[in-house]
Amino acid sequence: MYSLDVNFLKDRGLNKTSEAEVKSPKAKPSFVKQLPLVFGLIALVAFPGAAFGYLKNLETQKAELEQQIQSIDGEISSLQNQNQQLDQIQQQITGVEQETQALISVFEKIRPWSAILQEVSDRIPPGVQVDTIQQSGSIDNTQLVVSGIARSYNDVNDFVLFLQRSPFFNSKNIKLTGANLADLEVSIENQAEIPEDLIVQFPQGVKYSITTQLSNTPASQMIREFNNKGAVGLVTRLKTLENKGAILK
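Each position in the sequence shown, counted from 1, maps to that position plus 1453 in this note's numbering.
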């Protein structure tokens, strides 16, 4: 018996087509499909450069900031030196001010002896004679003891009242510390011509002692009084300090 082997594919030409399909070259991928790869390559190449540039920029900024910091440190150091100089100048000014105030305080307490004597002389009432004026105490507490003789107790009391009215003395610390009757000292001219049997009676007076204290009123407030008593030197110095603003008018 015979067998019949029929190739239907071959007869239809399908086999050739399949072979053609198998043997035909593969199609190339499109550019659109390759874009991700291209972008990836670009990013791979560009990223290190961008990173390097960014780091370089940061280093530049850091250097600029360091320069600014150094400049600021220099300014701070300069200001600190200036502050030290200012402190030294301020200390010198303070020292000068203290010395000036000390000098002013001395002038404020000065009481010229000539002015005091003139003031006492101007306050002496008629019938009172001053023999001695003694000074004691410190510059802040100067006391005077005025002693002499007067015709009567009333004259002595008047003298005490006149001294209490003086701006040179502390009115609360003026007091009569002694008053006693005593013979007045009388000088007789042509005593040899007086008969021996002539009895001469001399009047009696009052020996007194007055204690007083100088006023603590600042000298700058007594310029007019000192000027009236002839204390020109002190008045000139006080007016100079006044014109410079060292003491208030």
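Ideal placement from N, C-alpha and C gives every residue a C-beta, glycine not left out.
Fair warning: this is a prediction, and the values are worked out from it, not measured in the lab.
Environment of residue i [buried if 16+ CB atoms lie within 10 Å]
| i | result |
| --- | --- |
| Leu1532 | exposed |
| Tyr1507 | exposed |
| Leu1667 | buried |
| Glu1572 | buried |
| Arg1564 | buried |
| Phe1655 | exposed |
| Asp1608 | buried |
| Ser1619 | buried |
| Ile1627 | buried |
Close Cβ partners of residue i (< 8 angstroms) along its chain, the five nearest in sequence each way excluded
| i | result |
| --- | --- |
| Ser1567 | Lys1682, Gly1683, Ala1684 |
| Gly1658 | Ile1602, Ala1603, Arg1604, Ser1605, Leu1634, Ala1635, Asp1636, Leu1637 |
| Asn1594 | Gln1666 |
| Val1475 | Low confidence applies to Val1475: its pLDDT is 46, below 50, so where it sits in the model is not reliable, and the reading given next is rough at best. Answer for Val1475: no residue qualifies. |
Given residue i as reference, the closest of the options once Cα atoms are compared
| i | options | result |
| --- | --- | --- |
| Ile1569 | Arg1690, Phe1655, Glu1678, Glu1528 | Glu1678 |
| Leu1687 | Val1559, Gln1537, Lys1515, Gln1617 | Val1559 |
| Ala1672 | Val1613, Ile1592, Leu1629 | Ile1592 |
| Lys1660 | Ser1619, Gln1514, Leu1629 | Leu1629 |
| Arg1576 | Ile1676, Lys1625, Leu1614, Gln1535 | Leu1614 |
| Ile1676 | Thr1513, Glu1512, Lys1562 | Lys1562 |
Supposed close pair residue i, residue j - CB separation, criterion 8 angstroms
| i | j | result |
| --- | --- | --- |
| Thr1670 | Val1599 | Contact doesn't hold; Cβ gap of about 20 angstroms is too wide. |
6 angstroms CB neighbourhood of residue i in its chain, flanking five on each side removed
| i | result |
| --- | --- |
| Gly1631 | Ser1662 |
| Asp1611 | Pro1578 |
| Ser1589 | Gln1596 |
| Ser1524 | none |
Neighbourhood of residue i by C-beta, 7 angstroms cutoff - its chain only, sequence neighbours within 5 removed
| i | result |
| --- | --- |
| Ala1699 | Thr1553, Ile1557 |
| Phe1622 | Leu1616, Thr1665, Gln1666, Leu1667, Ser1668 |
| Arg1690 | Phe1560 |
Min CB distance residue i to chain B below 9 angstroms
| i | result |
| --- | --- |
| Ile1569 | Given the protein chain composition of this structure (a single chain), no chain B is represented. |
(request) Count the CB pairs spanning the segment 1573-1584 and the segment 1691-1701 that are closer than 8 angstroms, and state whether there are at least three. (result) no
(request) Assess, as a yes-or-no matter, whether the segment 1571-1580 is touched by the segment 1544-1558 under the definition of 3 or more beta carbon pairs within less than 8 angstroms. (result) no
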